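Under numbering that gives the first Met the number 0, the residues of the sequence shown are numbered 0 to 173, in order. No residue lacks a Cβ here, since even glycine has one placed at the ideal position from N, Cα and C. Keep in mind it's a predicted model, so treat the numbers as computed, not measured.
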Amino acid sequence: MDHLEEKVRLRKEYRKLRKAVTTVADAAQMLLQNTISILSFGNHDIVSGYIPIDGEIDVLPLMNFISKTSVVLVPEVKKDSRMLTFRRWFSGINELGEALSPNILLIPLVAFDRRLYRLGFGGGYYDYTIEHLKRRGQCKCVGIAYDLQLCANLPVCEHDQKLDLVITEKGIYS
0 MDHLEEKVRL RKEYRKLRKA VTTVADAAQM LLQNTISILS FGNHDIVSGY
50 IPIDGEIDVL PLMNFISKTS VVLVPEVKKD SRMLTFRRWF SGINELGEAL
100 SPNILLIPLV AFDRRLYRLG FGGGYYDYTI EHLKRRGQCK CVGIAYDLQL
150 CANLPVCEHD QKLDLVITEK GIYS
């Protein structure tokens, strides 16, 4: 089986595991506690979170917490670009604000390994965006996941970007 076939198989397996989680609210609170134990968010920080889909761990409590001291963004996919655009997010408001560039990315994933590689949905948007942001300057890339999304060894392709750390409801991988 080649890398691409293996990634397709792993996506199916780990998406199914993720969707089976029943302790969603508890996991979100534990994720919040683990995140604030290792990262601090200040007035100068511009943090991109995400709106959870497809069984992704719920980062909305974390985003609400961060929004008290920092600017919070969410990614937008533009059909004509491989690069994600990040727009300002406000809790409880459906409209997004201006486009800004984050210095901290909270990144959803399907699976991750101890080398800090991530498996996403396969579009390459985060890989391309991470590479671009790191070339332009300092950007901390933090994977956000359930602990059960830890994979022994992900197949890695040339374009795959490494994360700086991964935070789960059970701990921190760095």
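Rounded to whole angstroms, what's the CA-CA distance from R17 to A110? Just pull it up for me.
-> 9 Å
Identify which residue in G170, K133 and P154 has its Cα closest to the Cα of L162.
-> K133
Please report how far the alpha carbon of L38 lies from the alpha carbon of M29, in whole angstroms.
-> 14 Å
Is the region 74-92 touching the region 114-131 in the sense that three or more CB pairs, one from each, lie closer than 8 Å?
-> yes
Which residue or residues does DSSP assign as beta-bridge partners of V165?
-> G142 and Y172
Presumed contact (8 Å Cβ cut-off) between Y49 and Q148, rounded CB distance | That belief does not hold up - the Cβ atoms of Y49 and Q148 are roughly 15 Å apart, past 8 Å.
Just to confirm, are Y172 and L115 a CB contact at a threshold of 8 Å?
-> yes
Residues near G142 in its chain [Cβ-Cβ closer than 6 Å; skip 5 each side] | I106, L108, F111, R117, L162 and V165
Per DSSP, what kind of secondary structure is I56 in: helix, strand or coil?
-> coil
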